[in-house]
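To start, the structure under review is shown below, and the notes come after it.
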Amino acid sequence: MRIVVLAGGLSMERNVSLSSGTRICRALRARGHQAALVDLYLGLEGYDGAPESIFDAPDGLCGDFSVAREEPDLDAVRASRKDKSENIFGKDVLRVCAMADVVFIALHGACGEDGRVQAAFDLLGIPYTGSGYLGSAIAMDKDLTKRLVAPYVTTAKWRALKYTADEIDAIADETELPCVVKPNASGEYVPAVASDSTVSEDGLTYTFPLREGVLFHNGAAVTTDDVIYSFKTCAETTVDTALAEALSSVKDITADGNTVTVTLKEANPDFLSYVGMVYIVPADYTDEATAPVGTGPFKFVSRSVQENLVVEKFADYWGEGASLDKVTFKIYEDANALMSALSAGSVDMAVHLTIDQVDTIGTGTYKTLEGTMNLVQALYLNNDVKPFDNEKVRQAMCYAVNVDEILDLTSEGHGTKIGTSIYPAFTKYFDASLADAYPYDVDKAKQLLADAGYADGFSMSITVPSNYTPHMNVAQVLVEQLAKVGITATIKPVEWETWVSDTYTNRNFESTVIGFDAATLSAGALLNRWMSDNDKNMINYNNPEYDKVMQEANASTDDAKQTELYKQAAAMLSETAANVYIQDLADFVLLKNNLDGYQFYPLYVMDLSTVHYVQ
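Residue numbers (the working numbering): 15 to 629.
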């Protein structure tokens, strides 16, 4: 048979594809077939003979391909193409595929696994191996596919990871063998205004070449001056934020041609995660406060305070543009008003809903999507006031709380149990076993209370922001559970502003139910707040050993070592029962049936660029 082994392409798995394609081609030729290796993107650019002669070419055009630790330089591949075309099919690819008896698809990643190549072959009547275009498209997202089929088909254990090259060794060390590693549809880090980023070995110098052709919403091209201005503006802000703190370590920021270089005073392993929080704005633009300008897929139209925000599709967006032409964000201060709007079908989408709200609306006009809120919900204890200054008391309360019952009673079993200040989206740092560190045990709780001198229990208050129904519901269950071990808890509902001033800022409280999130996917974003000298340490947690481990973790440039230290610190919070950890709340989204494409992200953000209408 005349067989084209199609490999290469433009995915991050290009080298994997070429390596496996080479072996497939040689194996086919060893069995007497006229097989030839063809690169999907480059085609026959380097072949001097007639296209039909490739089947008789020495060694079937197979080269020496291997899989390196470094990711392929796709920009270099694009630059090497002689015709500079954006067509995914290179020179004579479709022509030689049409001459073959069959095309063996050895492609990996985009195009080869998402059904696009298969769809093109179906239209042209070219026979090929493997799944058709529809099955390929559906199964492209491996994590989603496994979650969909797991209730019906026995599957191997899996977990979806988002990682950088520096994290590979640590992931490999913690992964049990045997295993198969497969990138997800969007498993790699994707730059935006910058086309790439590199970090020096000492961790002090970050280099960002800017992407060509990126425009602001006002039509101006993004320049290095804009990037430098944006960095300096964020660094010089008077607002006390984690971003401002991270940028305070910047020693210098310069430009050379189209490349921006940032030099740090001292190494910060989490610096790159904060770079993504720097919104690039024009250096000479003076109306940012009233008419903001950015580079994203949507541009600002109008804003009405406490009513709505209107954005529209930015036609000149550098990446894959938004599907929706216009989006209006409506603000409902009253939950009843939102429910009325949903019941009437006057809104297309609502986010961050409770299970009760979802059940009230039902399934008719809307489909229900479920993710996680990416919040560490806990009964936070003021470690500086009695009796919570006693570790045994805090541990007793952990044993007294039945988290499974809380989830059943407040959210019909939805939500994810956690046992420390790390939630599941922080995959490399999350230890699921800590959720079971304190199994429900009333007798053990009573014994610990007795050992601590509180055999008869005690009274306490639980301060809760009254406008947060999920926290109020959890607090009500906690009251009943704590009563079983002799602890009399009283809920103290307060307005949000009061909670912020009295509870969070002034630390005038005994306990509170709340959820903390993170601005970046850095463990430090969740764990640093519990260091004794951190001004966000509202529970007054004071553990010198914890401080030492966190200081070492924050200073480490060895990813594997840093990861282990962060895990060690998280375990300390569990062991010392810093708080009574409960869950990462389930996050429900209602989306009209004629819409699709909404994605949950590991941070508390919302992206509507992928949402689109369906037939």
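Glycine included, each C-beta is placed from N, C-alpha and C at the ideal position.
Contact between G429 and A600 holds, with the beta-carbon distance rounding to 5 Å and staying under 8 Å.
Excluding sequence positions up to five before and after A153, its CB lies within less than 7 Å of the CB of T159, all in the same chain and listed in chain order. At a Cβ-Cβ threshold of 8 Å, V527 and A489 count as neighbours. For S536, the secondary structure class from DSSP, reduced to helix, strand or coil, is coil. Assignment of Y243 by DSSP, reduced to helix, strand and coil, places it in the helix class. When the five nearest sequence neighbours on each side are left out, no beta carbon in the same chain lies closer than 8 Å to the beta carbon of E511.
Annotated three-state conformation of R95 is coil, per DSSP. Contact annotation: the stretch 355-370 touches the stretch 593-609, with at least three C-beta pairs closer than 8 Å. Collapsing the DSSP output to three states places A269 in a strand. Cβ-Cβ distances below 8 Å link S447 to G433 in the same chain, with the five nearest sequence neighbours on each side left out; the list follows chain order. A straight line joining the alpha-carbon of T382 with that of V372 spans about 7 Å. Of the candidates E559, M552, A497 and I102, the residue whose Cα lies closest to the Cα of S25 is I102. Counting only unbroken stretches of 4 or more residues, the alpha helix (DSSP H) elements lying wholly within the stretch 514-581 are 538-541 and 558-569, in sequence order. Around the Cβ of I345, a 10 Å sphere holds fewer than 16 other Cβ atoms; the residue is exposed. Within the DSSP bridge table, the entry for G57 names D53 and K105 as partners. Counting every other CB atom within 10 Å of its CB across the protein chains shown gives A256 a total of 16 or more, marking it as buried. Contact between I505 and V478 holds: CB atoms are separated by about 6 Å, below the 8 Å threshold. Remark: fewer than three beta-carbon pairs, one from each stretch, lie closer than 8 Å, so the stretch 315-332 and the stretch 266-275 are not flagged as touching. When DSSP states are grouped into helix, strand and coil, N350 belongs to the helix group. Residue pairing from DSSP places F312 in a beta bridge opposite K327.
Taking a cut-off of 8 Å on C-beta distances, the stretch 556-576 does not touch the stretch 606-616, as fewer than three cross pairs fall below it. I553 is not a Cβ neighbour of Y293, given a cutoff of 8 Å. Selection T571, A355, S588 and M113 evaluated against D450 yields S588 as nearest (Cα-Cα).
A112 is positioned such that its CB atom lies no closer than 8 Å to that of L20. Counting the other Cβ atoms within 10 Å of the Cβ of K96 gives fewer than 16, which makes it exposed.
Within 10 angstroms of the beta-carbon of G146 lie fewer than 16 other beta-carbons, which makes it exposed. By the CB criterion at 8 Å, A64 and V18 fall outside the cutoff. Bounds of the alpha helix (DSSP H) holding Y288 are F285 to V289. Following the DSSP letters along the chain, one finds S475 inside the beta strand (DSSP E) bounded by residues F472 to P479. Excluding sequence positions up to five before and after Q132, its CB lies within less than 8 Å of the CB of I119, Y142, G144, S145, G146, Y147 and S150, all in the same chain and listed in chain order. Pairwise C-beta distances place the stretch 238-246 in contact with the stretch 296-304, as three or more of them are shorter than 8 Å. Per the coordinates, the alpha-carbon of A466 lies some 15 Å from the alpha-carbon of S473.
L108 is not a Cβ neighbour of L338, given a cutoff of 8 Å. Contact between T424 and P507 is absent: CB atoms are separated by about 16 Å, not below the 8 Å threshold.
When DSSP states are grouped into helix, strand and coil, E259 belongs to the helix group.
Following the DSSP letters along the chain, one finds T504 inside the beta strand (DSSP E) bounded by residues I501 to V508.
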